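Residues -17 to -1, 1 to 252 (mature numbering (1 follows the signal peptide of the UniProt record, and there is no 0)) make up the sequence shown, in order.
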Amino acid sequence: MRTFFAIAAILVAGASAQESFKCPDDYGFYPHHLSCDKYWKCDNNVAELKTCGNGLAFDASDSKFLTENCDYLHNVDCGERSQLEPPISTPHCARLYGIFADEKKCDVFWNCWNGEASRYQCSPGLAYDREARVCMWADQVPECRVEEVANGFACPAAGEVAGASGSFSRHAHPEDCRKYYICIEGTAREYGCPIGTVFKIGDADGSGACEDPEDVPGCEDYYGDLDLKSIRKSELLAGIQGSGETRNVAGKPGKPRPSTAQTARPSQE
């Protein structure tokens, strides 16, 4: 009996709320005064209460109230409309819609649409910042553990690298011919050479540059049988040659770099 009265009270309250809203115009879309994910749709001066998808909120920025737009929560200024529907979660998705950081890897995030998660990974050396919702240098993202920043690579102490330019130096990745680290005032950041090239250790300590694989001993067959001329041409047309971003390329990524005395090693836990 008590349950019946509780349900009845909710229904009455809902009906009263709907009846209390008066459409300002015959047609339009108006924010709910309490809930950020609810809004009123007015059609021929008849109000209908609508709810955005779980994880979306009603964007009330249209001053003419003619736009029906539900956007990601982080894109909407809810103001005093603080109420939300309870979250409905699926694997990797805190709500059915939204962009969410991975729980274990700080360089991975998930774009969720209707509960289906699409995986994205930041470029080497970057991590997903939960506040800014963009990929930033891993050392600037608080959620990244020390071992995740530049894969745990430790920069040489000041004065250890002979010939280094002040507090700036470059170091080969110990496991991948294409990757390398840049140390700036003791902070390591991981970079990747443009597609078709690999990192060549320079003559002086802490130096180096991206060169053709055939010019780097031990890395000649890094790309296997790939047509590097075609790859470089497509990258040039795309306007990204020399950008330093690492992209996934079929072939032999991750081939170990030949061991040399100049190769810096990551710190051990």
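The beta-carbon is built from N, C-alpha and C at its ideal position, and this holds for glycine as well. This structure is a prediction, so every number in the text was calculated from the model and none was measured.
Q | Own chain, CB closer than 6 Å to valine 181, minus 5 neighbours either side, in chain order | A | The residue given as residue 181 occupies position 198 in the sequence shown. Around valine 181: Cys160, Arg161, Pro196, Val199, Cys202, Tyr205.
(Q) In the DSSP output, which residue or residues are listed as bridge partners for tyrosine 13? (A) Taking the sequence shown and counting its residues from 1, one reaches residue 13 at position 30. Beta-bridge pairing links tyrosine 13 to Trp23.
Q. Counting pairs of Cβ atoms below 8 Å between the region 68 to 77 and the region 43 to 57, do you hit three or more?
A. no
(Q) Excluding the 5 residues flanking lysine 24 on each side, which residues of the same chain have their C-beta closer than 6 Å to its C-beta? (A) Within the sequence shown, the letter at position 41 stands for residue 24. Answer for lysine 24: Phe12, Glu31, Lys33, listed in chain order.
Q) Apart from the five residues just before and just after serine 46, which ones in its own chain have a Cβ nearer than 6 Å to its Cβ? A) Taking the sequence shown and counting its residues from 1, one reaches residue 46 at position 63. The answer is none, since no qualifying residue turns up.
Q | For arginine 64, the nearest candidate out of Cys19, Val117, Gln123 (CA to CA) | A | Mapped onto the sequence shown, residue 64 falls at position 81. Measuring from the Cα of arginine 64, the nearest candidate turns out to be Cys19.
**Q.** Complete runs of the beta strand (DSSP E) confined to the region 53 to 130 [at least 3 residues]
**A.** 53 to 55, 81 to 84, 91 to 96, 99 to 104, 109 to 112, 117 to 120
Q: Could you pull the start and end residues of the alpha helix (DSSP H) that serine 3 belongs to?
A: By one-based count along the sequence shown, residue 3 stands at place 20. Element bounds for serine 3: -16 to 3.
Q) Using 8 Å as the Cβ pair cut-off and three pairs as the minimum, do the region 150 to 159 and the region 113 to 128 touch? A) no
Q) Does the Cβ of proline 74 have 16 or more other Cβ atoms within 10 Å, making it buried, or fewer, making it exposed? A) If you number the sequence shown from 1, residue 74 lands on position 91. Proline 74 should be labelled exposed.
(Q) Tell me the rounded alpha-carbon separation between lysine 88 and arginine 102. (A) Taking the sequence shown and counting its residues from 1, one reaches residue 88 at position 105. Taking the sequence shown and counting its residues from 1, one reaches residue 102 at position 119. Those two C-alpha atoms are separated by around 12 Å.
Q: Look at the alpha carbon of proline 139 and the alpha carbon of methionine 119, and state the distance between them as a whole number of angstroms.
A: Here residue 139 corresponds to residue number 156 of the sequence shown, with the count starting at 1. Here residue 119 corresponds to residue number 136 of the sequence shown, with the count starting at 1. The alpha-carbon atoms of proline 139 and methionine 119 are separated by roughly 23 Å.
Q: Output the distance between the C-alpha atoms of asparagine 28 and alanine 43, rounded to the nearest integer angstrom.
A: Position 45 of the sequence shown holds residue 28. Position 60 of the sequence shown holds residue 43. Going from the Cα of asparagine 28 to the Cα of alanine 43 covers about 19 Å.
(Q) Can you look up asparagine 37 in the DSSP assignment and give me helix, strand or coil? (A) In the sequence shown, counting from the first residue as 1, residue 37 sits at position 54. Of the three classes helix, strand and coil, the one that applies to asparagine 37 here is strand, per DSSP.
(Q) Since cysteine 53 and glycine 81 should fall inside the 8 Å C-beta cutoff, what is the C-beta to C-beta distance between them, to a whole number of angstroms? (A) Within the sequence shown, the letter at position 70 stands for residue 53. Within the sequence shown, the letter at position 98 stands for residue 81. Between glycine 81 and cysteine 53 the Cβ distance is about 12 Å, and since that is not below 8 Å, they are no contact.
Q. With 16 as the cutoff for other CB atoms within 10 Å, does lysine 5 come out buried or exposed?
A. Taking the sequence shown and counting its residues from 1, the one referred to as residue 5 is at position 22. Lysine 5 should be labelled exposed.
**Q.** Span separating the alpha-carbon of alanine 77 from that of alanine 110
**A.** Position 94 of the sequence shown, counted from the first residue, corresponds to residue 77. Position 127 of the sequence shown, counted from the first residue, corresponds to residue 110. Taking the straight line joining both Cα atoms gives about 19 Å.
Q: Determine the direct distance from the alpha carbon of cysteine 127 to that of glutamine 97, and round the result to whole angstroms.
A: The residue given as residue 97 occupies position 114 in the sequence shown. The residue given as residue 127 occupies position 144 in the sequence shown. One point to set straight first is that residue 97 is asparagine, not glutamine, in the sequence displayed. When rounded, the distance between both Cα atoms is 28 Å.
Q: Could you say which of Glu86, Asp26, Cys105 lies nearest to glycine 175 if we only look at CA atoms?
A: Within the sequence shown, the letter at position 192 stands for residue 175. Ranking Glu86, Asp26, Cys105 by Cα distance to glycine 175 puts Cys105 first.
Q | Given glutamate 194 as reference, the closest of Asp90, Ser3, Tyr22, Ala155 once Cα atoms are compared | A | Counted from its first residue, the sequence shown places residue 194 at position 211. Closest option to glutamate 194, Cα to Cα, is Ala155.
Q. For the candidate residues Ile167, Leu39, Pro177, whose alpha-carbon lies nearest to that of cysteine 61?
A. Numbered from 1 along the sequence shown, position 78 holds the residue referred to as residue 61. Considering only alpha carbons, the answer is Leu39.
Q.
Pull the bridge partners of cysteine 166 from the DSSP assignment, please.
A. Numbered from 1 along the sequence shown, position 183 holds the residue referred to as residue 166. Answer by DSSP bridge pairing, in chain order: Ser152, Ala171.
(Q) Using 8 Å for Cβ pairs, my map puts glycine 185 next to glycine 179. What's the rounded Cβ distance? (A) Counting from one through the sequence shown, the residue named residue 185 turns up at place 202. Counting from one through the sequence shown, the residue named residue 179 turns up at place 196. Not quite, the Cβ-Cβ distance comes to about 20 Å (not below 8 Å), so this is no contact.
Q: Could you tell me if histidine 15 is buried or exposed, where buried requires 16 or more neighbouring beta carbons within 10 angstroms of its beta carbon?
A: Reading the sequence shown from its first residue, position 32 is the one you call residue 15. Buried, by the Cβ-count rule.
Q. Ordered along the chain, which non-local residues of its own chain (more than five positions away) have a Cβ less than 7 Å from that of phenylalanine 83?
A. Here residue 83 refers to the residue found at position 100 when the sequence shown is read from its first residue. Closer than 7 Å at the Cβ level, and outside the excluded window around phenylalanine 83, lie His75, Cys76, Ala77, Phe92, Trp93, Cys95.
Q | Helix, strand or coil at glutamate 197 [DSSP, three-state] | A | Taking the sequence shown and counting its residues from 1, one reaches residue 197 at position 214. Reduced to three states, the DSSP call for glutamate 197 is helix.
Q. Going along the chain, which residues of its own chain have a beta-carbon closer than 7 Å to the beta-carbon of aspartate 112, five neighbours each way excluded?
A. The residue labelled residue 112 in the question sits at position 129 within the sequence shown. Same-chain partners within the cutoff: Met119, Val124.
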